[in-house]
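In full-length UniProt numbering, the protein residues as written are 1 to 421.
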């Protein structure tokens, strides 16, 4: 069960009433180990997940175990558990690789630093090895993730562009790489190299750069370590050098110090760039953060601002100009309504295609026939542009490990809960 999606206290109590043994894992117990709801339970920290079997075995014996320490290598914090550990992919066609953990910032509203600590990067060789293993198992799309991908390598004498160029060398034809979230300060110095990499045919021209506010005053109060002009430079440079590139961003409405004038700055920023992907969140006071101690804005005022920004977002159509274009899309998923396969074009824009079995995991050439707010419809022009190189693992199969029958069964008397802040 995931405590990111449900009320963790109720879920834990429910498991307890059923007589289950409970181990709490993830960001919530790591960031708040003294919280009342975690007392009396075994806890495994975000960097100790490779010891989960050990913790489970001790818990089943009736012991309470707490492993919250950070892994270190040569006296420095490391990325965490080995990337080559066996895992089960939610989607056999997509491999998610954490390239680093932790953060260099101290944003006043965020608890990531509490839970994840300082920056810890995985060695580039380990990341490349995991990517190669994934492709050998039929994966066609790799997502690089972390709290801030732009900071990668600063602690180990490497850099994000250096890692990306190494990965590009091992991506088979017909496969793609998607770069995860980066904050503006740490991508600025790499803009030239990132633009070159985004031009590569096996790398999506997509970047998620959370701005959070269009007001310099609010950004300073958030301790975001950049100003509006820095963010605008990132967006404009990449859009100029990589025409058509997708920039996604996040906004927090109702930060405690946000004035009406500050909010107007956010509105003008979003109106200027018309982001095709805009994640709008209302401020939430996370216990233990400086922002949680600030006087909060009136909730109705925050709702009005959220509504205005949402209406702005829905007022423009980002994909209409692409109708009639011929594109190649990599098909990896099934739509929520189960009526179409979902693919993404070179700029990671969603394209729906007919559910032909031979399309899944393949590059398909389509003509865009229509567009909506969040996706486009593609009419196939050829059966398949690029066949898959390797048959993917069955859904639920364990990556990197050949299991004997029934080896992966877990006792029904055991419950493990993962929490995200």
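We put the CB at the ideal spot given by N, CA and C, even for glycine. Quantities reported herein were computed from a predicted structural model and do not represent experimental measurements.
For residue 221, the closest C-alpha among the options 372, 303, 118 and 255 is that of 255.
Across the structure, residue 321 and residue 244 are spaced so that their CA atoms are roughly 11 Å apart.
For residue 398, the three-state secondary structure derived from DSSP is strand. With a contact defined as Cβ atoms closer than 8 Å, residue 249 and residue 278 qualify at about 6 Å. A Cβ-Cβ contact shorter than 7 Å links residue 187 with residue 150. Short of 8 Å from the beta carbon of residue 205, and not among the five residues preceding or following it, lie these beta carbons of its own chain, in chain order: 198, 199, 242, 244, 245, 246, 346, 347 and 348. In this structure, the straight-line span from the alpha carbon of residue 377 to that of residue 340 is close to 10 Å. Among the bridge pairs identified by DSSP, residue 178 is matched with 143. The DSSP-derived three-state label of residue 300 is helix. Bridge pairing for residue 365: 328 [DSSP].
In this structure the stretch 162-182 does not lie against the stretch 306-314, because fewer than three pairs of beta carbons, one per stretch, are closer than 8 Å.
The Cβ atoms of residue 366 and residue 390 do not sit closer than 7 Å to each other. With the rule of 3 Cβ pairs closer than 8 Å, the stretch 133-142 does not count as touching the stretch 106-120.
A direct Cα-to-Cα measurement between residue 372 and residue 317 gives close to 7 Å. In the three-state DSSP reduction, residue 355 falls in the coil class, being neither helix nor strand. The beta carbon of residue 84 lies closer than 8 Å to those of 126, 129, 130, 133 and 400 in the same chain, with the five residues before and after it left out. The secondary-structure analysis by DSSP pairs residue 98 across a beta bridge with 145.
Residue 152 is positioned such that its CB atom lies no closer than 7 Å to that of residue 194.
Residue 44 and residue 287 have their C-alpha atoms spaced approximately 21 Å apart.
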